[in-house]
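As they're listed, the protein sequences go chains A and B. Counting from 40, one number per residue, gives the positions in the first sequence under my numbering. Counting from 40, one number per residue, gives the positions in the second sequence under my numbering. Just so it is clear, CB atoms sit at the ideal spot from N, CA and C, and this is done for glycine as well. For clarity, every value in this text was computed on a predicted model and none was experimentally measured. One structure is given below, encoded as structure tokens.
There are 2 protein chains.
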Amino acid sequence: MPKKVVIIGAGNVAFHLTEAMLQNTVNVVQIFNRTLDNARKLAGKYNISFTDKISELERANVYIICTSDKAISEISCHIPFEDCLVVHTSGSMPISALKGKYRKGGFYPFQTFSKKRALKYDKIPFFIETENREDELTLFTLARRISGEVYKTDYEKRLQIHMSGVWVNNFTNHLYHIAHEICEKHNISFDNLKPLIKESADKIIEGISPFEAQTGPAKRNDKHVVEKHLSLLEPDSRLYQIYSLITDSITKTYHDKL
Amino acid sequence: MPKKVVIIGAGNVAFHLTEAMLQNTVNVVQIFNRTLDNARKLAGKYNISFTDKISELERANVYIICTSDKAISEISCHIPFEDCLVVHTSGSMPISALKGKYRKGGFYPFQTFSKKRALKYDKIPFFIETENREDELTLFTLARRISGEVYKTDYEKRLQIHMSGVWVNNFTNHLYHIAHEICEKHNISFDNLKPLIKESADKIIEGISPFEAQTGPAKRNDKHVVEKHLSLLEPDSRLYQIYSLITDSITKTYHDKL
């Protein structure tokens, strides 16, 4: 286990990683953030040190940069120490985005984080990447304190994992949003959709493959119902296009010869 | 409460409705199905009567047609009784699809059903439609035996509800399928995606609006990451098109002026 860890950033990922680490007796010694107020909010919860000045950055064994992708290079080049491991938590940046003479790594927690939501940390997959075996062991031990799911990865695979997350979270959430809009427009309570949203996710989580779980007019190639639904949408609108394209994709998945 | 109910069909909806009704002491007296074997399988579980012959159809107060949309008209015209209520369970057919001299109605349970999956019936929204107030009361009482969520609807609204279900279930499931394909191709365990799938649904179920819950590169208008992801997909492939279109839709939702 690294003796001392510093968290850089005070956003959603920093918030949850700090909590997860402190709950599991990882020695987080400081929060660094460019906006002092946010650093104070996060550090204050746990009564640990915080700063917005690089000159006050404490010496630690591991620095975890939890900022946005864009800020990683900029902040990383200001870390003045060499005998340490600096990692970022991004799914889409190579570890070469870290600019400094220290050792480098990736520490990617694969989940969607918002400060408002409590999370079960022990199920979150962590994907780690390092330059050498010793650091791999360090990150592995660190992540295992939090979660039972820790895996080695390289940049190529991490990108694929990140993109998979976009499909099952970002895009899925946008479909929920579209349904929410339809409900609002037609005076339907969105709460009525929740048992279906839950069952759709539960099916997959409990082990039915998405291929097997598919139901509905597109799968049955039921053009009659598809036409009815399309007639409810404004022709050539965003929703019309998405409905058509996904329907087409489902139909092709099950009726290969079409 | 109707004294006697007959279920017509032996598919997923019939399977679950029969179970839900019998669990709640609704008097289901018979299963009718064109394929006797499937009727036997379902009726046999509960030791109730079954048949594949219209001439053997028992007299009942309510007949619930749980067949596919296409079969509704055909089967409904063979019901030889007039002093009864005949309903279908379709989200996308008008009650005029029922062809007979009996009273007509809609009894739409808004959930995705598969025989393999146990369901909590008491949370399933039921949408009912009838020709008169007395039948409305009958169907309301019947549905309330099963679920706490029972609503009147008309055909127009039922179609919108059905389409909303396509967005949050059918389309969402297809995105899970696409992610599953990506995982298989790149030797990533699909199990790694499950905590994220769960959290994405849970957020919404527990009351965060999809608009507020949205995260990711498209929302941030992070073209750099979007380009990286697109570079992982075959240009102009089905996946490339869907990725582009949904990304575009998310970006427009949050950056209206683009």
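Contact set between the segment 135-169 of chain B and chain A, restricted to residues whose Cβ is under 9 Å from the partner
149, 150, 151, 152, 153, 155, 156, 158, 159, 162, 163, 164, 166
Within-8 Å CB hit, residue 268 of chain B to chain C
As a matter of chain content, chain C is missing from the structure shown, whose protein chains are A and B.
Under 8 Å, do residue 125 of chain A and residue 178 of chain A count as touching if we go by C-beta distance?
Not in contact: residue 125 of chain A and residue 178 of chain A (Cβ atoms no closer than 8 Å).
With DSSP as the reference, please indicate the residues paired to residue 70 of chain B in a beta bridge.
B/46, B/89
Taking the CB atoms as reference points, tell me whether residue 206 of chain B and residue 214 of chain A lie closer together than 8 Å.
In this structure, residue 214 of chain A lies closer than 8 Å to residue 206 of chain B by Cβ.
I need the straight-line Cα distance from residue 233 of chain A to residue 129 of chain B, nearest angstrom please.
19 Å
Using 8 Å for Cβ pairs, my map puts residue 255 of chain A next to residue 209 of chain B. What's the rounded Cβ distance?
Correct: roughly 4 Å between the Cβ atoms.
Are the C-beta atoms of residue 88 of chain B and some chain A residue less than 8 Å apart?
no
With H, G and I counted as helix, E and B as strand and the rest as coil, what does DSSP make of residue 104 of chain A?
Three-state result, residue 104 of chain A: strand.
Look at residue 47 of chain B and residue 134 of chain B and say whether their C-beta atoms are less than 8 Å apart.
no
Under 8 Å between the Cβ atoms of residue 188 of chain A and residue 221 of chain A?
no
If you follow the alpha helix (DSSP H) that residue 268 of chain B is in, where does it begin and where does it stop?
262-271
Output yes or no for whether 8 Å exceeds the beta carbon distance between residue 45 of chain B and residue 69 of chain B.
Yes, the Cβ-Cβ distance between residue 45 of chain B and residue 69 of chain B is below 8 Å.
Do the segment 188-205 of chain A and the segment 137-148 of chain A meet, that is, are 3 or more Cβ pairs less than 8 Å apart?
Touching, yes, given that three or more Cβ pairs across the two stretches are closer than 8 Å.
The alpha helix (DSSP H) that contains residue 204 of chain A, what's its start and end?
Unbroken alpha helix (DSSP H) run through residue 204 of chain A: 194-204.
CA-CA distance, residue 73 of chain B and residue 54 of chain B?
Straight through space, the alpha carbons of residue 54 of chain B and residue 73 of chain B are spaced by roughly 15 Å.
Who pairs with residue 127 of chain A in a beta bridge, going by DSSP?
A/104, A/145
I want to verify the contact list: residues of chain A whose CB lies under 7 Å from the CB of residue 50 of chain B, in sequence order.
None at all; the shortest Cβ gap to chain A is about 11 Å.
Under the three-state DSSP convention, the category residue 169 of chain A falls into
strand
CB contact flag (residue 281 of chain B, residue 257 of chain B, <8 Å):
For residue 281 of chain B and residue 257 of chain B, no; Cβs fall outside 8 Å.
Residue 186 of chain A and residue 165 of chain A - do their beta-carbons sit closer together than 8 Å?
yes
In this structure, what does DSSP give as the bridge partners for residue 190 of chain B?
B/166
Within 10 angstroms of the Cβ of residue 157 of chain B, are there 16 or more other Cβ atoms? Answer buried if so, exposed if not.
exposed
Straight-line CA distance for residue 41 of chain A to residue 159 of chain A?
Approximately 23 Å, taken between the alpha carbons.
If you reduce the DSSP assignment to three classes, tell me which class residue 19 of chain A lands in.
Chain A is shown from 40 up to 297; residue 19 of chain A falls before or after that span and cannot be answered.
Could you name the residues of chain B that residue 115 of chain A contacts, counting a contact when the two beta carbons are closer than 8 Å?
The premise fails here: residue 115 of chain A is roughly 17 Å from chain B at the closest Cβ pair, so nothing lies under 8 Å.
Along the segment 204-231 of chain B, what residues have a CB closer than 7 Å to any CB found in chain A?
204, 205, 206, 207, 208, 209, 210, 211, 212, 213, 214, 215, 216, 217, 218, 219, 221, 222, 225, 227, 231
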